[in-house]
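Encoded as structure tokens, the structure appears first; notes follow it.
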Amino acid sequence: MDSGGDIVKVAGIPARAAGLARRFGAAILDQLYPPVCLHCETAIAEADALCAKCFAQLRPITAPLCPRLGIPFEVALGPDAISAEAIADPPPFDRARSAVAYNDIARNLIGRLKYGDRPELARFCARLMAAAGHEFWEAGPVLVPVPLHRFRQFERRYNQSTELARCIARITGLKVDPVLVDRVKRTKQQVSLSAEQRQRNVAGAFAARSDALGRLNGRRVVIVDDVITTGSTVKAVTKALRKAGVAQIDVISFARVVIGQGLS
Ligand SMILES: [Zn+2]
């Protein structure tokens with residue numbers, strides 16, 4: 065127990081001094097590594113952000129939008145109007161919201177988020193997601209990230225959806241349950257698959273824990289994903305939760321594919 069004294073001494077630094085040291089440290093870090101845009105790396109004033117030029121390329125999804133699918137409407141159709149897509153193919157979840165339309169810059173941010181080399185990227189995306197999902201948080205839901213299969217998680221040692229959920233939790237004060245749903249089937253990468261192939265690929269890929277209802281204790285679930293393309297993944301996760309008896313399920317993603325606002 066030789067080091068015991070040192071630990072006590074470190075822990076014993078008055079909070080104010082520790083705060084000053086931290087701020088001083090941050091100031092030195094800013095001098096050595098001035099904050100740069102998360103996309104183009106030009107110098108910016110504030111860390112964890114995009115420069116004005118890159119930010120202007122993001123396409124935030126704002127009202128008016130379909131209350132079920134969260135896709136933007138060209139014109140306001142009234143508070144209860146839902147989209148033709150939601151009528152033709154009603155989603156299993158209650159509501160979905162996404163921060164931005166999937167375009168070149170969103171694709172670049174998500175691509176880098178997946179490999180986890182920039183934790184500040186998750187913080188940036190989560191800030192926009194927390195705003196996009198503002199209707200969800202007041203009910204005190206549990207955030208449930210879309211799980212990776214454990215082999216893939218092992219290879220990558222990082223799940224971008226869990227990181228996003230943790231960052232949203234820090235902003236909203238909500239809890240994350242990263243083990244409520246498990247990926248029980250190893251699926252192919254969805255990228256090159258058609259909508260129908262995607263649906264088949266993820267069918268039965270997820271299972272909620274049998275004690276899911278007990279863990280939730282009456283709280284709603286918000287599924288967290290990085291991007292919604294056809295929605296097949298979040299629908300499969302929703303179905304797994306419904307099978308375990310979970311009744312109230314919403315979805316939040318950073319980006320989603322919006323017809324007519326695609327890649328340039
Ligand atoms: Zn930039």
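Residue numbers for the sequence shown, in this note's numbering: 65 to 328.
Where a beta carbon is used, it is the ideal one built from N, C-alpha and C, also for glycine.
- When C-beta atoms of the region 257-277 are compared with those of the region 218-237, fewer than three pairs fall below 8 Å, so the two segments do not count as touching.
- Taking C-beta atoms under 8 Å as the contact rule, Phe318 and Val301 fail to qualify, at a distance of about 16 Å.
- Remark: the shortest separation between the CB of Cys130 and any heavy atom of ligand 1 does not fall under 8 Å.
- Spanning the alpha carbons of Arg250 and Ala272 requires a straight line of approximately 16 Å.
- With a threshold of 16 other beta carbon atoms within 10 Å, Arg247 meets it and is buried.
- Placement of the Cβ of Leu173 at a distance of 8 Å or more from every heavy atom of ligand 1 is found.
- Sorted by chain position, residues whose beta-carbon lies closer than 6 Å to a non-hydrogen atom of ligand 1 are Cys101, His103, Cys104, Thr106, Leu114, Cys115, Lys117 and Cys118.
- Excluding sequence positions up to five before and after Gln121, its CB lies within less than 6 Å of the CB of Ile169, all in the same chain and listed in chain order.
- Between the beta-carbon of Leu207 and that of Val286 there is about 5 Å, and that keeps the pair under the 8 Å contact cut.
- A contact is defined here as three or more CB-CB pairs under 8 Å, and the region 156-163 meets this definition with respect to the region 306-313.
- With at least 16 other beta carbons inside 10 angstroms of its own, His103 counts as buried.
- A distance below 7 Å between beta-carbons, with the five flanking residues on each side excluded, links Arg123 to the following residues of its chain, in chain order: Val164, Ala165, Asn167 and Gln325.
- With 16 or more other Cβ atoms inside 10 Å of its own Cβ, Leu228 counts as buried.
- The shortest C-alpha to C-alpha distance from Pro183 to any of Ala145, His198 and Ala113 is the one to Ala113.
- For Pro209, the enclosing beta strand (DSSP E) stretches over residues Val206 to Pro209.
- Between the alpha carbons of Val245 and Arg283 lies a distance of about 15 Å.
- The C-beta distance from Thr236 to Ala186 rounds to 15 Å, too long to fall under 8 Å, and the pair is not in contact.
- Nearest C-alpha to Ser256 among Arg230, Asp275, Asp241 and Thr293: Thr293.
- DSSP, read as helix, strand or coil, puts Arg159 in strand.
- The criterion of a C-beta distance shorter than 9 Å is not satisfied by Ala127 and Ser162.
- DSSP places Leu129 in the strand class (E or B) of the three-state scheme.
- CA-to-CA, the gap between Gly142 and Ala276 works out to about 36 Å.
- With respect to the C-alpha of Asn281, the residue from Arg191, Gly204 and Leu129 having the closest C-alpha is Gly204.
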